[in-house]
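So the sequence shown is numbered by my numbering: it starts at 23 and just counts up by one.
Quick reminder that beta carbons are idealized off the backbone N, C-alpha and C, glycines included.
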Amino acid sequence: MIWKDIKADFSRYLKFERALSTNSIDAYLNDVSKFQIYCEDNALTLEKLGPRNIQKFLMYINEFNISPFTQSRILSGLKAFFAFLMIEHNLKSNPIELIEAPRIPRKIPTVLNILEIEQLLAAIDLSTDEGMRNKAIIETLYGCGLRVSELTGLKCSNLFLDVEFIKVEGKGNKERLVPVGAQAIKFLKMYLNDIRVHIPVKPGQEDFVFLNRRGSALSRVMVFYIIKDLAAKAGIEKPISPHTFRHSFASHLVEGGADLRAVQDMLGHESITTTEIYTHIDKEYLQSVITQFHPRS
Numbered sequence: 023m024i025w026k027d028i029k030a031d032f033s034r035y036l037k038f039e040r041a042l043s044t045n046s047i048d049a050y051l052n053d054v055s056k057f058q059i060y061c062e063d064n065a066l067t068l069e070k071l072g073p074r075n076i077q078k079f080l081m082y083i084n085e086f087n088i089s090p091f092t093q094s095r096i097l098s099g100l101k102a103f104f105a106f107l108m109i110e111h112n113l114k115s116n117p118i119e120l121i122e123a124p125r126i127p128r129k130i131p132t133v134l135n136i137l138e139i140e141q142l143l144a145a146i147d148l149s150t151d152e153g154m155r156n157k158a159i160i161e162t163l164y165g166c167g168l169r170v171s172e173l174t175g176l177k178c179s180n181l182f183l184d185v186e187f188i189k190v191e192g193k194g195n196k197e198r199l200v201p202v203g204a205q206a207i208k209f210l211k212m213y214l215n216d217i218r219v220h221i222p223v224k225p226g227q228e229d230f231v232f233l234n235r236r237g238s239a240l241s242r243v244m245v246f247y248i249i250k251d252l253a254a255k256a257g258i259e260k261p262i263s264p265h266t267f268r269h270s271f272a273s274h275l276v277e278g279g280a281d282l283r284a285v286q287d288m289l290g291h292e293s294i295t296t297t298e299i300y301t302h303i304d305k306e307y308l309q310s311v312i313t314q315f316h317p318r319s
């Protein structure tokens, strides 16, 4: 098997059969390329690989101080790769089938409290067009719990503000309906009706909600920059990103007593175990109350 041809086939498989996003496909191919380098350096062919070879590869990447999370992701990518080889290239045995991923300690994500959210929103200069757009961005991120890619890919045709819902295209091109709150609706309408209508939109970008000054869809990198800049202006020292608003959205709902299944649906999580991390955030808060106020703590 020729690596170049195999990876090209794998890329098409991920795109058309698995319907993965471009970012996910790039990540899978990057993991396979790491394995390719190891195989070529050790004169290994795909047809003759066994579980011991996979274990040695994992030991090899561990020497570079790669985190357990990254190791687990690489292993997941290789499992998809070998499953593809079994289906499409008649690989006789799967050397990775019984290999277990390293245990990953579950980390409590960084969240902003209500006061910090208000501080960040107050740092936005609403006297400028960009400020009005950024206000709509933050309100939408926090009000709907979107991933940054879902925000930048949000379409005008998927806004149903009259019934307080938006349609989101999530991972794997899966669509879901997400309720949108009053503040997000208010500033989305102000941005769309007062700011966006005056932007000369580039051909092919007409349906994207959030645009830059040149009329193109806002990039993920630009959203990161906007949030970092606002955090600095608001004096927030926590390491935050667009995903922080998604975490804050979920944790505030769970702390307020929202049903975990409903939060799972809104976030677009395939497994409720992913959503359950936000119950741990709540427990951390309760523990802090005990520590601060209980006389025996």
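Are residue i and residue j close, meaning C-beta to C-beta below 8 Å?
i, j, result
"Arg-242", "Val-170", "yes"
"Phe-267", "Ile-160", "yes"
"Gly-237", "Lys-224", "yes"
"Ala-253", "Ile-262", "yes"
"Ala-206", "Thr-150", "no"
"Lys-157", "Leu-143", "yes"
So for residue i, helix, strand or coil by DSSP?
i, result
"Leu-214", "helix"
"Val-276", "helix"
"Pro-90", "helix"
"Val-200", "strand"
"Leu-233", "strand"
"Glu-122", "coil"
"Glu-228", "coil"
"Met-39", "For the record, residue 39 in the displayed sequence is Glu; it is not Met. If DSSP states are grouped into helix, strand and coil, Glu-39 belongs with the helices."
"Leu-181", "strand"
"Ile-323", "For the chain, the structure presents residues 23 to 319; residue 323 sits outside this window and is missing."
Counting only the same chain and skipping the five closest in sequence on each side, list residues whose C-beta sits under 6 Å from that of residue i.
i, result
"Trp-25", "Gln-58"
"Gly-99", "Tyr-50 and Asp-53"
Output the distance between the C-alpha atoms of residue i and residue j, rounded to the nearest integer angstrom.
i, j, result
"Val-245", "Pro-264", "7 Å"
"Ile-47", "Leu-176", "21 Å"
"Gln-93", "Leu-120", "16 Å"
"Ile-109", "Pro-117", "14 Å"
"Leu-289", "Leu-66", "42 Å"
"Gln-227", "Ala-280", "36 Å"
"Pro-73", "Lys-29", "21 Å"
"Phe-106", "Lys-114", "12 Å"
"Ser-179", "Phe-187", "12 Å"
"Val-219", "Glu-152", "13 Å"
"Ile-136", "Arg-40", "39 Å"
"Asn-87", "Leu-240", "35 Å"
"Ser-270", "Ala-284", "16 Å"
"Leu-80", "Cys-61", "12 Å"
Below 7 Å CB to CB, which residues in the same chain sit around residue i once its five sequence neighbours on both sides are set aside?
i, result
"Ala-102", "Tyr-50"
"Ser-33", "Ile-47 and Leu-51"
"Leu-42", "Leu-36 and Gly-194"
Which whole-angstrom value is the C-beta distance of residue i and residue j, which I expect to be below 8 Å?
i, j, result
"Asp-216", "Met-154", "7 Å"
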